[in-house]
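Student:
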Amino acid sequence: MPPKMLGILGGLGPMATVYFYELLTKHTKAACDQDHIDIIINSRATTPDRTRFILGQSKDDPFDIMAADAARLVTFGAEMLAIPCNTAHYFYDRLNKTIPVPILNMVEETVCAAKQCCDKVGILATSGTVETRTYQRQCEAQGLACVVPDPADQQKVMDIIYNDIKQGKPADMVAFQSVVDHLRQAGCGRVILGCTELSLIKRDEHLDSFYIDSMEVLAKNAILAFGKTPIGFEED
29 MPPKMLGILG GLGPMATVYF YELLTKHTKA ACDQDHIDII INSRATTPDR
79 TRFILGQSKD DPFDIMAADA ARLVTFGAEM LAIPCNTAHY FYDRLNKTIP
129 VPILNMVEET VCAAKQCCDK VGILATSGTV ETRTYQRQCE AQGLACVVPD
179 PADQQKVMDI IYNDIKQGKP ADMVAFQSVV DHLRQAGCGR VILGCTELSL
229 IKRDEHLDSF YIDSMEVLAK NAILAFGKTP IGFEED
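Going by this note's numbering, the final residue of the sequence shown carries number 264, and the count climbs one at a time with no gaps.
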């Protein structure tokens, strides 16, 4: 039997959580309200910054707060969790051991999706995700070649995430495109949007299927996990 209640460990950041809920609702085949997934959302925006902690720029460990919120979701009836934040998946294994329900693995699922359509993939993500090789390790495990931006391009990605999107500003698409062009030149057949803030660029700028959006992958797999039919994704 599929689970009956999804818990969203959100607020990482808040707009990404809003968009994830929108994706779940928009892409579930439903003839009435009752056909949708029952969802509990925890959006703790005050969770310490994951990237700063991972890179040693802050001593504020977000794990205890994430673990407490995950446990609270389970107490409220969640039978499966989703975390719409790629950087937070640095804590995935540790968090998975603390609660009695499964957690969808956004990174693993996204790499699986990339492997189905290319032999080499570019990875756009926070420096926390890149430095901890969260995506690179999954690519290696699945035999998929991958490329990350050089330091100058990675700083452009971070500026787009933190100085543009997280501040509610339009993304610097000139800088974004220059990073992507370099990944294309490196032989990448697709690019993973491995940060949920970057997912908002795909939505707002109507990016094509060259970009594999980790948020869309997570939403589709959550819908399937609950025995529902996903509709309206590019490959559907």
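Backbone N, C-alpha and C define an ideal beta-carbon position, used for all residues, glycine too.
Please state whether DSSP places Thr-115 in a helix, a strand or coil.
Tutor: Three-state DSSP puts Thr-115 in a helix.
Student: Can you give me the Cβ contacts of Glu-136 inside the same chain, cut-off strictly under 7 angstroms, excluding the 5 residues immediately before and after it?
Tutor: Here the set comprises Gln-166.
Student: Between the region 177 to 196 and the region 149 to 160, do at least 3 Cβ pairs fall closer than 8 angstroms?
Tutor: Yes, they touch.
Student: If you compare alpha carbons, which of Tyr-118, Asp-192 and Thr-257 is closest to Ala-59?
Tutor: Checking every option, the nearest Cα to that of Ala-59 belongs to Thr-257.
Student: Go ahead and label Ile-251 buried or exposed: buried means 16 or more other beta carbons lie within 10 angstroms of its beta carbon, across all protein chains shown.
Tutor: Looking at its Cβ environment, which holds 16 or more other Cβ atoms inside 10 Å, Ile-251 is buried.
Student: Among residues of its own chain, excluding the 5 on either side of Phe-261, which ones have a beta-carbon nearer than 8 angstroms to its beta-carbon?
Tutor: Cβ within range, chain order: His-55, Glu-244 and Lys-248.
Student: Quick check: the region 100 to 110 against the region 214 to 225, are there 3 or more CB pairs under 8 angstroms?
Tutor: Segments in contact, no.
Student: Apart from the five residues just before and just after Val-129, which ones in its own chain have a Cβ nearer than 7 angstroms to its Cβ?
Tutor: Taken in chain order, the residues that qualify are Val-102, Ala-106, Glu-107, Met-108 and Leu-109.
Student: What does the Cβ neighbour count give for Ser-237, buried or exposed, with the cut at 16 atoms within 10 Å?
Tutor: Flag for Ser-237 reads exposed.
Student: Let me know the secondary structure DSSP gives Lys-54 once reduced to three states.
Tutor: DSSP places Lys-54 in helix when its eight states are reduced to three.
Student: CA-CA distance, Asp-200 and Lys-57?
Tutor: Roughly 35 angstroms between the two C-alpha positions.
Student: Starting from the C-beta of Pro-76, find all residues in its chain whose C-beta is less than 8 angstroms away, skip the five residues before and the five after it, and write them out in chain order.
Tutor: Excluding sequence neighbours, Pro-76 sits near Ser-86, Asp-88, Asp-89, Pro-90 and Ile-93.
Student: Strictly by DSSP, which residues pair up with Val-149?
Tutor: Looking at the DSSP assignment, Val-149 forms a beta bridge with Cys-174 and Arg-218.
Student: Could you check the C-alpha separation between Thr-74 and Pro-42 for me, to the nearest Å?
Tutor: Thr-74 and Pro-42: Cα-Cα distance of roughly 10 angstroms.
Student: Taking the alpha-carbon positions, what's the Arg-161 to Gln-144 distance?
Tutor: Each residue's alpha carbon lies about 21 angstroms from the other.
Student: Whose C-alpha, out of Thr-45, Gln-62 and Glu-50, is nearest the C-alpha of Lys-32?
Tutor: Considering only alpha carbons, the answer is Gln-62.
Student: Whole angstroms are fine: how far does the CA of Leu-172 sit from the CA of Leu-37?
Tutor: For Leu-37 and Leu-172, the distance between alpha carbons rounds to 29 angstroms.
Student: Can you check whether the CB of Ile-111 is closer than 9 angstroms to the CB of Tyr-120?
Tutor: Yes, Cβ-Cβ distance for Tyr-120 and Ile-111 is below 9 angstroms.
Student: Can you give me the C-alpha to C-alpha distance between His-210 and Ala-253, rounded to a whole angstrom?
Tutor: Distance between the alpha carbons of His-210 and Ala-253 is about 36 angstroms.
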